[in-house]
Amino acid sequence: MMTDSLVFRKDKVEDFYDIGDEIGRGQFAVVKKCVEKSTNTEFAAKFVKKKRSLSSRRGATAEQIAYEAELLRKVQHDGVIYLHDAFERAAEFTLVLELLSGGELFEFLIEQDYLTENEAMSFIQQVVEAVDYIHNHHIVHLDIKPENIVLNNKKEKKVKLIDFGLARIIPPGDVVKAIIGTPEFVAPEVISYEPVGTPTDMWAIGVLTYILLSSGASPFLGEDPNETFVNIQNVEYRFDEKYFADISPQAKDFISSLLIKTSSDRLSARDCLTHPWLKTDLEVATKRKSTLIKTDTFKAFLARTQWKKSLKKVIAINRLAVLGKRSDACKDLFPEGDSCSDASDSETEGPDHSPEKRTAPTNSKLLEDKTNAVLQLNDGEQLKSSSIDSTPKNFSDGCSEK
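Under the working numbering, think of the first position of the sequence shown as 1, with each following residue one higher.
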């Protein structure tokens with residue numbers, strides 16, 4: 001079991017754990033069920049291959065593994081997956097993590113007949129509490145999305161935040177710029193190659209809340225990634241009556257207080273916990289219970305994300321996506337059917353239902369200048385981020401039981 005000081009044990013993991021069936025697989029990691037022999041407790045063992053050489057693009061370095069493990073070791077909160085043990089052998093690392101048997105939140109929701117606004121609020125409140133905790137420890141997750149919100153088990157409606165593969169420790173005063181994330185959930189500052197921080201996570205929570213309350217509709221999703229980025233840069237979204245007619249004004253205000261372009265103007269996690277939507281009020285809570293959110297349309301959202309997963313396209317943003325340049329690398333990044341055309345050529349219908357031209361972000365030249373060293377990786381590998389504090393790129397694989 002982990003102590004306060006992070007130590008990778010040199011023993012064989014099999015000497016202490018009975019290894020069971022595979023429950024997940026990532027680009028260079030395999031996750032299996034395991035049972036600790038001394039306690040008979042179930043965990044998830046994540047086996048990560050070591051890089052054979054520094055030039056290899058397969059596997060992980062000791063620095064990468066140690067960084068994510070150190071992040072998880074620092075986190076001791078009911079709303080965050082925890083690291084129980086760690087091993088290092090000649091060819092691989094093994095992280096023994098909490099086993100979460102409830103599956104992804106949205107997978108759970110489509111099994112239900114309906115979701116009430118009050119239940120949705122409870123899920124978001126749990127996420128915000130977890131994020132408030134990690135932010136207080138100067139940890140920024142940088143990849144908050146439905147796939148990374150997992151139920152502890154199917155009996156309790158308790159969720160946990162997982163996958164700290166892209167997370168960064170950002171102490172006050174440090175400046176980190178990271179061109180990385182999942183397109184639908186990234187904040188404007190990511191696309192603009194401006195400093196990221198705790199407000200970047202809060203933007204993602206705003207997107208998550210919108211999707212949860214609208215039964216899977218994504219606020220900024222465009223016809224292609226370029227259009228999605230332009231929608232984000234312009235903060236162009238609306239509360240469609242089709243989805244939000246019965247949703248409370250407090251919920252809409254909560255979302256609007258997070259989806260703000262200027263990062264410093266967004267609510268912090270601590271602010272969110274005192275927002276009227278998350279504050280407990282018996283009368284309001286009773287009213288929210290009567291607001292039913294359809295769950296069948298979550299299937300469309302899941303189908304889209306699962307399709308991306310099957311192609312190993314949990315996409316890291318790269319400069320080609322913003323600049324809209326056609327190249328082999330761009331074709332590799334976006335699956336067939338997605339466009340790499342210039343965002344300035346995208347058209348959409350505005351509020352008056354007349355086509356209006358969207359322009360690409362005005363600082364794309366700055367982004368190009370700042371990200372010349374950013375590499376496009378093949379086979380679904382995460383894009384390297386460029387950060388002033390030289391934070392290493394980390395691996396990411398989930399440890400939830402599917």
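In this text, a Cβ means the ideal position worked out from N, Cα and C, and glycines have one as well. Note that the structure is a prediction, hence the values are computed from the model and not measured.
List the whole-angstrom C-beta distance separating residue i from residue j, where the pair is believed to meet the contact cut-off of C-beta under 8 Å.
| i | j | result |
| --- | --- | --- |
| Val31 | Ala44 | 5 Å |
| Asp213 | Glu117 | The amino acid occupying residue 213 in the given sequence is Leu; Asp does not appear at that position. That belief holds up - the Cβ atoms of Leu213 and Glu117 are roughly 7 Å apart, short of 8 Å. |
Report all residues from its chain with a CB closer than 6 Å to the CB of residue i; omit the five preceding and five following residues, and keep chain order.
| i | result |
| --- | --- |
| Val7 | none |
| Lys261 | Pro188, Val235 |
| Phe96 | One detail in the question is off: residue 96 reads as Val in this sequence, not Phe. For Val96, where only same-chain residues beyond five positions count, the Cβ hits under 6 Å are Phe43, Ala45, His84, Asp85. |
| Val13 | Phe87, Thr94 |
| His275 | Phe254 |
| Ala410 | Here the chain comprises residues numbered 1 to 402, so residue 410 is not present and cannot be evaluated. |
| Asn231 | Phe220, Gly222 |
| Ser264 | none |
| Phe239 | Lys252 |
| Ser257 | Leu267 |
| Arg25 | none |
Are residue i and residue j touching if we call contact CB-CB under 7 Å?
| i | j | result |
| --- | --- | --- |
| His135 | Pro171 | no |
| Cys272 | Val48 | no |
| Leu259 | Gly206 | yes |
| Tyr133 | His77 | yes |
| Ala479 | Leu71 | Outside the modelled stretch of the chain, which goes from 1 to 402, sits residue 479, for which no answer is possible. |
| Glu107 | Tyr82 | no |
| Asn426 | Gly102 | With the chain covering 1 to 402 only, the question about residue 426 has no answer from this structure. |
| Val159 | Gln125 | no |
| Lys33 | Asp15 | no |
| Thr209 | Ile255 | yes |
| Phe185 | Ala204 | yes |
| Val150 | Leu221 | no |
| Pro219 | Tyr237 | yes |
7 Å is my cut-off, CB to CB: does residue i come that close to chain D?
| i | result |
| --- | --- |
| Arg270 | This model lacks chain D altogether, as it is built from one protein chain only. |
Are there any heavy atoms of the ligand FAD lying less than 6 Å away from the beta-carbon of residue i, as far as the coordinates show?
| i | result |
| --- | --- |
| Ile191 | Judged by which ligands are present, the structure shown has none, so any question about the ligand FAD falls away. |
Go ahead and pull the three-state DSSP assignment for residue i.
| i | result |
| --- | --- |
| His141 | coil |
| Lys309 | Confidence at Lys309 is low in this model, with a pLDDT of 45, below 50, so the placement of that residue is unreliable and no value is reported for it. |
| Thr466 | Here the chain has residues from 1 to 402 only, and residue 466 is not among them. |
| Thr61 | coil |
| Leu424 | There is no way to answer for residue 424, as the model of the chain reaches only from 1 to 402. |
| Lys242 | helix |
| Glu14 | helix |
| Val132 | First, the amino acid is wrong: residue 132 is Asp here, not Val. Helix. |
| Val175 | coil |
| Tyr210 | helix |
| Val127 | helix |
| Phe8 | coil |
| Arg25 | strand |
| Ser385 | At Ser385, the pLDDT of 36 sits below 50, so the modelled position is not reliable; the number obtained from the coordinates is stated separately. Of the three classes helix, strand and coil, the one that applies to Ser385 here is coil, per DSSP. |
| Thr182 | coil |
| Val96 | strand |
| Leu105 | helix |
| Ala86 | strand |
| Ile247 | coil |
| Arg168 | strand |
| Tyr114 | strand |
| Lys155 | coil |
| Ala91 | coil |
| Phe47 | strand |
| Lys261 | coil |
| Val80 | strand |
| Thr359 | Residue placement at Thr359 is poorly supported in this model, since its pLDDT is 37, which falls under 50; the coordinates still yield a value, given next. Coil at Thr359, not helix or strand. |
| Leu72 | helix |
| Lys252 | helix |
| Ile19 | strand |
Looking only at its own chain, which residues have a Cβ that is under 8 Å from the Cβ of residue i, when we skip the five neighbours before and after it?
| i | result |
| --- | --- |
| Lys51 | Arg58, Gly59, Ala60, Thr61 |
| Asp201 | Val131, His135, Val140, His141, Leu142, Ile144, Ala269 |
| Val190 | Ala178, Ile179, Ile180, Gly181, Val196, Thr200, Ile317 |
| Ile211 | Pro146, Ala217, Ser218, Pro219, Phe301 |
| Asp352 | Here Asp352 scores only 36 on pLDDT, less than 50, and its place in the model is too uncertain to base an answer on. |
Can you list, in chain order, the residues of its chain whose CB lies under 7 Å from that of residue i, leaving out five sequence neighbours each side?
| i | result |
| --- | --- |
| Lys10 | Glu88 |
| Lys37 | Phe16, Tyr17, Asp18 |
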